[in-house]
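Just so you know, the protein sequences line up as chains A and U, in that order. Numbering of the first sequence is given in full-length UniProt numbering, commencing with residue 1 and proceeding in unit increments. Numbering of the second sequence is given in full-length UniProt numbering, commencing with residue 1 and proceeding in unit increments. Down below is the structure, laid out as structure tokens.
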Amino acid sequence: MAGHQLIDDHLADLARRLPPDAVDELADGLLETWQCHRSAGLPPAEAARAAIAEFGSPAQITAAFVRQSPGRRAARLLLMTGPLVGVCWGAGLGVSRAWTWPAPVPVAAGFGLALLIVVAALAVAATSRRSYRRTRLAALGGAGLVVLDAAALAAVLLLAPAPVWPMLPAIPASLARIGLTLHALPRVLTDR
Amino acid sequence: MKAEAQALKGHLDVLLLAALEGGPRHGYAVKEALREGSGGRFDLPTGTVYPALHRLEGAGLIAGSWSVVDGRRRRTYTLTAAGERRLHAERGTWHEFAAAVTALLEPGPWPATS
Numbered sequence: 001m002a003g004h005q006l007i008d009d010h011l012a013d014l015a016r017r018l019p020p021d022a023v024d025e026l027a028d029g030l031l032e033t034w035q036c037h038r039s040a041g042l043p044p045a046e047a048a049r050a051a052i053a054e055f056g057s058p059a060q061i062t063a064a065f066v067r068q069s070p071g072r073r074a075a076r077l078l079l080m081t082g083p084l085v086g087v088c089w090g091a092g093l094g095v096s097r098a099w100t101w102p103a104p105v106p107v108a109a110g111f112g113l114a115l116l117i118v119v120a121a122l123a124v125a126a127t128s129r130r131s132y133r134r135t136r137l138a139a140l141g142g143a144g145l146v147v148l149d150a151a152a153l154a155a156v157l158l159l160a161p162a163p164v165w166p167m168l169p170a171i172p173a174s175l176a177r178i179g180l181t182l183h184a185l186p187r188v189l190t191d192r
Numbered sequence: 001m002k003a004e005a006q007a008l009k010g011h012l013d014v015l016l017l018a019a020l021e022g023g024p025r026h027g028y029a030v031k032e033a034l035r036e037g038s039g040g041r042f043d044l045p046t047g048t049v050y051p052a053l054h055r056l057e058g059a060g061l062i063a064g065s066w067s068v069v070d071g072r073r074r075r076t077y078t079l080t081a082a083g084e085r086r087l088h089a090e091r092g093t094w095h096e097f098a099a100a101v102t103a104l105l106e107p108g109p110w111p112a113t114s
């Protein structure tokens with residue numbers, strides 16, 4: 001960078017915390033600010049300190065990016081809608097006596113474990129305050145959720161011994177969540 | 001400036017949209033437009049303006065594009081048609097709200113209650 005060592009150090013710190021595109025954009029703004037202060041007559045080091053103070057600390061900037069990150073927002077949305085979909089499935093499976101369906105125990109246990117991992121990934125992404133990397137776990141959680149919703153729908157179609165009317169609210173709930181997740185995922189995956 | 005920054009929070013989106021109404025700007029220019037347009041009262045930490053711009057871009061209210069200026073990458077933002085509609089709507093709402101608050105804050109008799 002054609003600026004000052006202090007600015008380079010500040011950007012290097014940001015580069016360890018934020019995606020490359022965000023750092024490039026910040027670098028442009030920071031150097032522009034430094035040049036403004038230089039044009040106003042400040043010596044290089046003083047101009048660099050003024051520009052950095054104007055921009056905010058790396059922690060402050062990172063926290064602002066984390067708050068607005070597509071991953072954190074998607075994870076929060078999916079976690080908020082989770083209980084509603086879960087209640088629909090829980091009620092439907094309970095009334096349908098799903099434990100009597102011919103599902104192998106390891107498969108059911110694997111489903112439960114995968115669900116726990118997905119919820120944990122989304123929870124980590126949704127509660128991240130200072131780590132942008134953690135917000136990326138929303139991609140894993142979202143993709144896992146689509147697979148689990150699809151698996152649950154397939155299980156109803158393939159394993160249920162008869163039409164399962166109590167499942168009716170759960171099916172559109174899962175389909176809606178798949179649509180919502182597929183809508184949010186590209187932005188999380190392409191976030192650079 | 002802390003109190004102003006806090007008061008600004010709920011209005012930041014519409015102010016960012018308004019800053020882009022006159023034409024495309026990059027992040028630092030948007031921040032400077034806010035500062036100068038408010039007579040220096042709204043002087044946000046520049047680094048925190050960029051994520052707000054990214055969120056507005058994600059919502060389709062502004063569009064960003066890269067160019068190279070002085071050998072470094074620069075992202076410039078433009079108001080989209082959806083952003084213009086949002087700005088117009090928010091501006092109308094704000095004028096009504098501000099008129100009501102101003103009417104109540106002006107010295108004078110309040111309506112009598114029974």
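No residue lacks a Cβ here, since even glycine has one placed at the ideal position from N, Cα and C.
{"Query": "Quick one: does Gly58/U have its CB under 8 Å from some CB of chain A?", "Result": "yes"}
{"Query": "Taking Cβ positions, are Leu20/U and Leu79/U nearer each other than 8 Å?", "Result": "yes"}
{"Query": "Excluding the 5 residues preceding and the 5 following Ile171/A in the sequence, name in chain order all residues of the same chain whose CB lies nearer than 8 Å to its CB.", "Result": "Leu153, Val156"}
{"Query": "Counting only beta-carbon separations shorter than 8 Å, does Ala52/U have a partner in chain A?", "Result": "yes"}
{"Query": "Can you check whether the CB of Val95/A is closer than 8 Å to the CB of Ala139/A?", "Result": "no"}
{"Query": "Check each candidate in His37/A, Leu145/A, Ala108/A and name the one with the smallest Cα separation from Val118/A.", "Result": "Leu145/A"}
{"Query": "In this structure, how does DSSP classify Leu16/U when only helix, strand and coil are distinguished?", "Result": "helix"}
{"Query": "Is Leu26/A near the ligand MN, in the sense that its beta carbon is under 7 Å from a heavy atom of that ligand?", "Result": "This structure does not include the ligand MN; it has no bound ligands of any sort."}
{"Query": "Would you kindly work out how many angstroms separate the C-alpha atoms of Met1/U and Pro45/U, rounded to a whole number?", "Result": "Unreliable positioning characterises Met1/U in this predicted model, as indicated by a pLDDT of 47, which lies under 50. The coordinate reading is nonetheless provided below. So the two alpha carbons sit approximately 11 Å from each other."}
{"Query": "At which residues does the beta strand (DSSP E) containing Ala173/A begin and terminate?", "Result": "Where Ala173/A is concerned, there is no enclosing beta strand (DSSP E), although the alpha helix (DSSP H) it sits in stretches over 170–189."}
{"Query": "For a contact meaning CB atoms closer than 7 Å, what does Thr33/A contact in chain U?", "Result": "Tyr28, Thr46"}
{"Query": "Could you tell me which chain A residues have their CB closer than 7 Å to the CB of Arg74/U, listed as they occur along the chain?", "Result": "Asp28"}
{"Query": "Could you round the C-beta distance between Leu148/A and Leu182/A to whole angstroms and report it? I think they count as a contact, below 8 Å.", "Result": "Leu148/A to Leu182/A, Cβ: 14 Å. No contact."}
{"Query": "With a CB to CB cut of under 8 Å and the five nearest residues on each side skipped, what residues in its chain are close to Thr81/A?", "Result": "Arg177, Leu180"}
{"Query": "Given that a residue counts as buried once 16 or more other Cβ atoms are within 10 Å of its Cβ, and exposed if not, what is Gln60/A?", "Result": "exposed"}
{"Query": "Checking 8 Å against the spacing of the C-beta atoms, do Tyr132/A and Pro20/A come in under that value?", "Result": "no"}
{"Query": "Name the chain U residues whose beta carbon is nearer than 7 Å to that of Asp24/A?", "Result": "Arg73"}
{"Query": "Label Gln68/A either buried or exposed according to how many other C-beta atoms from any shown protein chain fall within 10 Å of its C-beta, with 16 as the threshold for buried.", "Result": "buried"}
{"Query": "Check whether the Cβ atoms of Pro25/A and Arg75/U lie closer than 8 Å to each other.", "Result": "Strictly speaking, residue 25/A in this sequence is Glu, with Pro absent from that position. Yes. Within cutoff."}
{"Query": "Kindly give me the distance between the Cβ atoms of Ala184/A and Gly142/A, rounded to whole angstroms, as I take these residues to be in contact under 8 Å.", "Result": "6 Å"}
{"Query": "So what's Met1/U in DSSP terms, helix, strand or just coil?", "Result": "Bear in mind that the predicted position of Met1/U carries a pLDDT of just 47, short of 50, making it unreliable; the figure below should be weighed with that in mind. DSSP places Met1/U in coil when its eight states are reduced to three."}
{"Query": "Can you look up residue 151/U in the DSSP assignment and give me helix, strand or coil?", "Result": "Residue coverage of chain U in this structure runs from 1 to 114, which leaves residue 151/U outside it and unanswerable."}
{"Query": "How would you list, in chain order, the residues of chain A whose beta-carbon sits under 7 Å from the beta-carbon of Arg55/U?", "Result": "Gln68"}
{"Query": "Am I right that residue 237/A and Phe65/A are in contact with their C-beta atoms under 8 Å? What's the rounded C-beta distance?", "Result": "Look at the range of chain A in this structure, 1 to 192, and you will see that residue 237/A is not part of it."}
{"Query": "Under 8 Å by Cβ, that's how I've got Ala40/A and Ala75/A pegged, so tell me the actual separation to the nearest angstrom.", "Result": "Incorrect: roughly 43 Å between the Cβ atoms, too far for contact."}
{"Query": "Please classify His88/U as buried or exposed, where buried requires at least 16 other C-beta atoms within 10 Å of its C-beta.", "Result": "exposed"}
{"Query": "Skipping 5 residues on each side, what residues in its chain have a beta carbon closer than 8 Å to that of Gly27/U?", "Result": "Thr46, Val49, Tyr50, Leu53, Arg75, Tyr77"}
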